[in-house]
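Participant: This structure is in structure tokens; I'll ask about it shortly.
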Amino acid sequence: MHGSTPTALSSESNELHPATGAQTGAHLHAQAHDATPRLRGDLGVWLVILMELLTFAILFVSFAFARTREVALFNASQATLNLNAGALNTVLLISGSWCVASAVAAVRRNASVVGARWLLGALGCGGGFVVVKLGEYAQKLASGVDLSTNTFYMFYVLLTGFHFLHVVVGMLAITYLWLKTRRGRYSSHDCHALETGAAFWHMVDLLWIVLFPLVYVMR
Amino acid sequence: MPAFSRTQVWLILLAITATTYWIGEAGLSGHGSMVPVLALFGLAFAKGLLVCLDFLELRHAPALWRWLVVGWLAMVVALIVLAYWISLR
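Protein chains in written order, with my numbering: chain A, 3 to 221; chain B, 62 to 150.
In structure tokens form, the structure reads like this:
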């Protein structure tokens with residue numbers, strides 16, 4: 003069949019086919035590269051993330067089982083928590099995560115300025131979380147609540163306090179990454195550090211997603 | 062689970078948070094009944110899954126890593142619900 007219309011086909015194979023073939027090849031290569039399973043971020047930091055998840059899992063499950071022994075006390079103590087503040091902080095962390103994910107996507111398409119803006123947005127969300135949480139702690143301290151008040155508050159201070167420290171560490175990392183991104187330090191070819199910071203930040207969000215219904219809502 | 066755009070994920074997460082808040086605000090968060098607690102932690106699992114797959118990009122990570130983190134989430138949620146069930150005995 004190829005031989006029957008030599009002129010038309012030869013022009014097609016000379017001009018169109020090789021070009022299309024090359025494009026398809028390049029496209030497939032890019033797709034194959036994208037589709038290769040890859041952990042975004044540094045392996046060492048991912049191992050730290052696994053350790054953190056394990057530590058928080060022990061705390062979450064300990065809280066849930068400690069509650070089975072003192073249900074009335076846990077419910078009464080939980081009623082004093084500020085559900086609005088907890089929900090607002092959930093919104094702030096989720097939005098912060100969205101900002102960081104968008105920053106990574108922007109840097110991957112070499113839009114550093116846009117990426118830096120998204121990181122600034124994430125810092126704003128993190129800052130909001132810190133302010134709300136400190137306000138909550140101030141309220142609790144003023145009403146005489148601390149680690150030794152009862153089992154519920156011991157867990158409340160331990161869980162939210164430990165999580166709070168992670169938010170602060172995450173914010174320090176994002177600040178560093180923001181300064182670097184602003185200067186165009188990262189690009190589609192080199193955004194490993196940014197992906198690593200992003201993974202840590204999303205982990206902080208993931209932990210709060212379990213913490214909020216457990217400590218603030220379930221009764 | 063289908064892949065959503067980043068902004069869609071964010072909006073879904075906000076909607077689920079609003080539902081969780083409403084469950085708490087309306088006083089439906091348990092009080093000796095399994096159904097609201099299952100709903101509460103079913104929603105938390107859905108939220109966590111979206112963060113794992115789309116924000117942490119585990120959708121495109123080696124399966125072992127995806128299962129480690131999603132397995133962590135499933136295990137924690139299951140144990141919390143189990144503890145709640147035990148508290149009703």
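C-beta: ideal position from N, C-alpha, C; glycine also.
(1) Near F166 (chain A), which residues of its chain fall below 8 Å by C-beta distance, leaving aside the five closest residues on each side in sequence?
(2) For D192 (chain A), which residues does DSSP report across the bridge?
(3) Only counting runs of 4 or more residues, tell me where the alpha helix (DSSP H) segments fall wholly within the region 53–91 of chain A, in order along the chain.
(4) For M136 (chain B), which of A:F58, A:R119 and A:A108 has the nearest alpha-carbon?
(5) Rounded to whole angstroms, what is the Cα-Cα separation between V147 (chain A) and R120 (chain B)?
(6) For chain A, check one thing: does any of its Cβ atoms lie closer than 7 Å to the Cβ of F116 (chain B)?
(7) For chain B, check one thing: does any of its Cβ atoms lie closer than 7 Å to the Cβ of L85 (chain A)?
(8) Going by beta carbon distance, what residues of the same chain come within less than 8 Å of F2 (chain A), once the five residues before and after it are set aside?
(9) Considering E86 (chain B), what are the terminal residues of the alpha helix (DSSP H) in which it resides?
(10) Assign S94 (chain B) to one of three DSSP states: helix, strand, or coil.
(11) Using alpha carbons as the reference points, say which of A:V170, A:G199 and A:R184 lies closest to G43 (chain A).
(12) For the putative contact between R67 (chain B) and W100 (chain A), defined by C-beta atoms under 8 Å, what is the C-beta separation to the nearest angstrom?
(13) Kindly examine the ligand GTP and report whether one of its heavy atoms sits closer than 6 Å to the Cβ of L89 (chain B).
(14) Short of 8 Å Cβ to Cβ, which residues in the region 111–137 of chain A face chain B?
(15) Tell me the DSSP secondary structure of M220 (chain A) in three-state form.
(16) Looking only at its own chain, which residues have a Cβ that is under 7 Å from the Cβ of V142 (chain B), when we skip the five neighbours before and after it?
(17) Does V63 (chain A) have its Cβ less than 7 Å from a Cβ in chain B?
Facilitator: Looking at the coordinates:
(1) Within the first sequence, the letter at position 164 stands for residue 166 (chain A). The residues are V132 and K135.
(2) Taking the first sequence and counting its residues from 1, the one referred to as residue 192 (chain A) is at position 190. According to DSSP, which records beta bridges pairwise, D192 (chain A) is partnered with A:S189.
(3) 73–80
(4) The sequence position of residue 136 (chain B) within the second sequence is 75, counting from 1. Selected option, being the one with the closest Cα: A:F58.
(5) Against the first sequence, residue 147 (chain A) aligns to sequence position 145. Against the second sequence, residue 120 (chain B) aligns to sequence position 59. Whole-angstrom Cα-Cα distance: 42 Å.
(6) In the second sequence, the residue the question calls residue 116 (chain B) occupies position 55. Chain A contact via Cβ: present.
(7) Counted from its first residue, the first sequence places residue 85 (chain A) at position 83. Taking Cβ atoms only, chain B reaches closer than 7 Å to L85 (chain A), which makes this a yes.
(8) This structure cannot settle anything about residue 2 (chain A), because the visible part of chain A is limited to 3 through 221.
(9) Here residue 86 (chain B) refers to the residue found at position 25 when the second sequence is read from its first residue. Its alpha helix (DSSP H) spans residues R67 to E86.
(10) Taking the first residue of the second sequence as position 1, residue 94 (chain B) is located at position 33. Of the three classes helix, strand and coil, the one that applies to S94 (chain B) here is coil, per DSSP.
(11) In the first sequence, the residue the question calls residue 43 (chain A) occupies position 41. That would be A:G199, whose Cα lies nearest to the Cα of G43 (chain A).
(12) One-based indexing of the second sequence puts residue 67 (chain B) at position 6. One-based indexing of the first sequence puts residue 100 (chain A) at position 98. The Cβ separation is near 6 Å, so the contact holds.
(13) Among the ligands in the structure shown, none appear at all, so the ligand GTP cannot be discussed.
(14) none
(15) One-based indexing of the first sequence puts residue 220 (chain A) at position 218. Correct three-state label for M220 (chain A): coil.
(16) Looking up residue 142 (chain B) in the second sequence gives position 81. The answer, listed in chain order, is V98, L99 and F102.
(17) Here residue 63 (chain A) is taken as the residue at index 61 of the first sequence, counted from 1. Yes - at least one Cβ of chain B is within 7 Å of the one on V63 (chain A).
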